[in-house]
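These notes concern the structure reproduced below.
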Amino acid sequence: MQIRFLKSLLVMAAAASLFSGCSGSGGGGGTPSNPTATVVDASTLTTTEWAGLSLQGEIIGTPTINSPPVVKFRITDANGNPLKGLGFTSQSATATVPSYPNLAFYLSKLVPGTNGSPSKWVSYLVTTVPTYKSATDKTIVPVTATRPTSDAQGTLLDNGDGTYQYTFYRDITKVKDVVAGLTLTAPNSAADLGDLTYNPNLTHRLVIQVYGAARGTGRNTADGSTSPTAAVNVAKAVNLVYDFIPATGKAVTNANTQRDITLTAKCNECHDQIGTTTPHGGRIDTRTCVLCHNDQRKFGRTNVASVNGVFATAANGYLLDGETQGDFPVFIHKIHAGNSKALTKSGVGYNYADSAEFQYRLKKYPQTVLNCTKCHENSAAAPQGDNWKTAPSRLACGSCHDGINFATGVGHIAQSSDANCKTCHDPGTAIDHVAAHKAKVTSNQDATLRTMSAQILGVTVAADGKVTANFRVTDNGVAVTSLTKFTRPTFILDKLVKGTDGTLRWVGYTNQYNTKLYNGSAIAPVLQTKGESYSTSVTPNDRNYGTLVANTDGTFSYTFKLNGAEPEGDIRNVNHAHNVGTPAGSIYNSNTGNAEWLFANPLYYPAGKITYEPTKTHRVAMTFSKAYVAPETAPATGAPGVNAWYDFVPAGGAVTETRDIVKMNDCAKCHANQKLHAAFDIQVCVTCHDPSKDPGTGESVALEYMIHKLHMGKNLPSVLAGGKYVVNVNHDYSTAAFPGIIKNCQSCHVETGNANGANWRTNPTASACGTCHDSTNTLAGHINVAQFANNCASCHGSGAAKDTRVVHQ
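Mapping of the sequence shown onto mature numbering (1 follows the signal peptide of the UniProt record, and there is no 0): residues -25 to -1, 1 to 784, in sequence order.
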């Protein structure tokens, strides 16, 4: 009561109608909590218990908006136990009223689009709370306008059974008058906040956010100061979302105006949990994001114009060429377009929040930005998910196609509204934008364009050690019988062996030295498993191929050359590696021993013998591309690639040992089954990217090593210490940013459907863990220390003292 009285003294006359005390009728009622459930008291939880909370809840009834809005809601833990005691308050020395650090309330209206334009959210919460001028000067800083925010300074009633009632601090029915009565100076303009009229007939959205740090940690302190104890946040926050029509008191249906264009689940396929891996902790639902990230974010910002398509300064990156960068469609499209060719504008100023972290040109999207359905998919939960193709607009399309100035006509016929967008760009029209997108997508990026497929039918090892794979090829289900119909087939032969650490790994029989050119200079050859690429060429680089024939039954057979064997082709005696990819001017040498290099003349190391073990699992993998024979012409987007693989035991019998850790479907969550290199199937990738190491440099392109490191990217300890992570001479991943929770191994290592998918926790190894934990001290002082070698699981296995799964939580 004292707080309410103090508040009434502090509110300035101009804002008296906006804020009020506890008045307000009703809360909409609701179902009482389960009387048999155990009520958990949040105020008595330890930080460990708080950190384990996964919150759930519901909004009870329909909010009332007679004066300040009044809402009722219920909060439970993951087990359905009611959670009371969330009324912690903080009040800094400059705050005139306390706020609730674990609660935030949002309320917006949806303004329907006109003349072809999209609907848009307009927040009512665009005024500040009065503050003191300083901790010692109690002069009141009055209410002013601001960009969209949340309400957390109202009155909370804790019923003690997990249900709560909250009365907003701000009266949204008066906000228009309050803002109109303010004296604002440039660049602040009331017009930038839009029409703030309370209209009870429109769709409204209420969001209740319960989140944040345990009491006494982070900024959750009584006086709002920073605790010496770092913030201990709940495991999972909750955003309660309710769309309703105030005039009817009913929830929104398909008969009402809606705007649900994407789903949080679509974001979390890459981001794991927005609100954790993205800014603004606790905003874990896109339906929350859009209430603040709207066109009102231009309030208080000065427009910056590009010069010849370049923003030369980072002084202001919020309002660029009249485009509100924080508006959700613009913001998300530009971040994901990143360094792709979709964005034509550039410069250090082309960013959001004046930060290098948000320079669009530095962002790397892990698939083609033309795949709109990655984020936009029509469904019951996202009924406007097809807006990208059925409701084109200057706002959405212009956010990627940013070389267009719709006002002046640069890059596009001038448009003063969105009324004509559908006339030209609807599906089936003259400039169908769906077809235009698809025409630029390559078969490397879209699996549906790969019409040709192959199946390896079997592999035999003859008495003389010759290895032959028999396979068939189809194109759109029709048998392919001519060698001219596909090009550059490449074959790889590996075996699966168990290392001293008990982990199964692929070892290649087709090891070769691959020399790279960097800035015109040769660098030392690197040992790796290379495929035998069939070709009729006689150049040195193409000497490594066997015999490929078309059989009379419509199948094909390939017999490996195995030029690392003596005699060639005998899998039983592979005893050296050949050099390929020799730089111009150097001497090609296909024998063991030293190779003469005219540049730096580095030492050429012979590879050791690859022992033939016929009782172990072997794999043949193959890649090739579809060929086009006149009058056929290859598509501008490139010829479709093909992958196939086959496991077998040369001595006969069933395959019993495998290394099935990750499948391409696990990668597809972010990469969309695109062809990342020669292959688009993990079972093929691993046959070349195996743990073979150069005996001179120790370098490896093993998949487990490379993929872990490039996904860690800028967060690698070695990179944070000033180093770089560069793959294959010129692929620098030192700035790569993983979009998900990097310590969540199960983002990629999905245990269901992968025989060895649990290896990350059941059989941790130095070779895998050392890729991410790569600081000099960690590697030298722990991971590579002899007494710990091959004994990782004793400390880090399931149930052990430092269980990998536990320490990664």
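Just so it is clear, CB atoms sit at the ideal spot from N, CA and C, and this is done for glycine as well.
Nearest residue (CA-CA) to Glu588, options Lys473, Ser83, Ala677, Asn269: Ranking the options by Cα distance to Glu588, first place goes to Lys473.
Segment limits, alpha helix (DSSP H) that includes Glu33: Careful: Glu33 lies outside any alpha helix (DSSP H), inside the beta strand (DSSP E) at 31 to 39.
Whole-number beta carbon distance between Gln140 and Lys59, since they are thought to touch under 8 Å: About 13 Å; that fails the 8 Å criterion.
Reduced DSSP category for Glu507 - H, G, I as helix; E, B as strand; rest coil: strand
Inter-residue CB distance, Leu537 and Thr590 (contact presumed, cutoff 8 Å): That pair is no contact at about 20 Å.
Spatially closest choice to Gln784 from Arg234, Thr504, Ala222, Gln721, by CA coordinates: Ranked by Cα distance from Gln784, the options Arg234, Thr504, Ala222, Gln721 are led by Gln721.
Contact belief for Ile585 with Val482 at Cβ below 8 Å, rounded distance in angstroms: 6 Å
For Ala596, the first and last residue of its enclosing alpha helix (DSSP H): It is not in any alpha helix (DSSP H) - Ala596 instead sits in the beta strand (DSSP E) that spans 593 to 601.
Identity of the residue in Asp170, Lys316, Arg447 nearest Ser532 by Cα: Arg447
Residue span of the beta strand (DSSP E) that contains Ala433, given as start and end: The question names Ala, but residue 433 is Gly in the sequence shown. Unbroken beta strand (DSSP E) run through Gly433: 427 to 436.
7 Å CB neighbourhood of Lys413 in its chain, flanking five on each side removed: none
Straight-line Cα distance separating Ser74 from Lys149: Rounded to whole angstroms, the separation of the alpha carbons of Ser74 and Lys149 is 21 Å.
In chain order, each beta strand (DSSP E) run of at least 3 residues that lies wholly inside the stretch 375 to 449: 427 to 436
Opening and closing residue of the alpha helix (DSSP H) in which Tyr217 lies: No alpha helix (DSSP H) contains Tyr217, which is instead part of the beta strand (DSSP E) from 213 to 220.
First through last residue of the beta strand (DSSP E) which encompasses Lys584: Note, Lys584: premise wrong, no beta strand (DSSP E); not H, not E.
Bridge-paired residues (DSSP) for Val15: Paired residues: Leu58.
Local Cβ density within 10 Å of Ala(-13), reported as buried at 16 or more and exposed below that: Caution applies to Ala(-13), whose pLDDT of 36 falls short of 50 and renders its modelled position unreliable; the value that the coordinates give is listed next. Around the CB of Ala(-13), fewer than 16 other CB atoms lie within 10 Å, so the residue is classed as exposed.
Proximity winner among His664, Asp218, Cys744, Asn648, relative to Gly506 (alpha-carbon distances): His664
Outcome for Asn362 when other beta-carbon atoms lying within 10 angstroms are tallied against a minimum of 16: buried
Boundaries (first-last residue) of the alpha helix (DSSP H) holding Tyr680: 678 to 687
Phe531 - partner residues in DSSP beta bridges: Phe446, Ala525
Alpha-carbon spacing of Leu168 relative to Val101, whole angstroms: 8 Å
Collapsed DSSP secondary structure at Glu543 in the structure displayed: coil
Helix, strand or coil at His783 according to DSSP, with G and I counted as helix: coil
Exposure label - Ile406; buried when at least 16 CB within 10 Å: Exposed.
Coarse secondary structure for Tyr621, derived from DSSP in three states: strand
Minimum length 3: unbroken beta strand (DSSP E) runs contained in the stretch 108 to 174: 130 to 133, 138 to 142
Close-in-space but distant-in-sequence residues of the same chain around Cys747 (CB under 6 Å, 5 per side omitted): His683, Met687
Asn41 to Glu33 span [Cα, whole Å]: 22 Å
Meets three-Cβ-pair contact criterion under 8 Å: the stretch 160 to 180 and the stretch 227 to 236: yes
C-alpha gap between Ile(-23) and Phe63, whole angstroms: With a pLDDT of only 41 at Ile(-23), under 50, the local geometry of the prediction cannot be trusted, and no value is derived from it.
Secondary structure of Lys536, DSSP reduced to three states: coil
Residue closest to Gly129, alpha-carbon to alpha-carbon, out of Asp146, Asn90, Pro221: Asp146
Where the beta strand (DSSP E) through Phe466 begins and ends: 461 to 473
N- and C-terminal bounds of the alpha helix (DSSP H) containing Phe303: From DSSP, the alpha helix (DSSP H) with Phe303 extends over 303 to 312.
Opening and closing residue of the alpha helix (DSSP H) in which Val185 lies: Per DSSP, Val185 belongs to no alpha helix (DSSP H); it is in the beta strand (DSSP E), 179 to 185.
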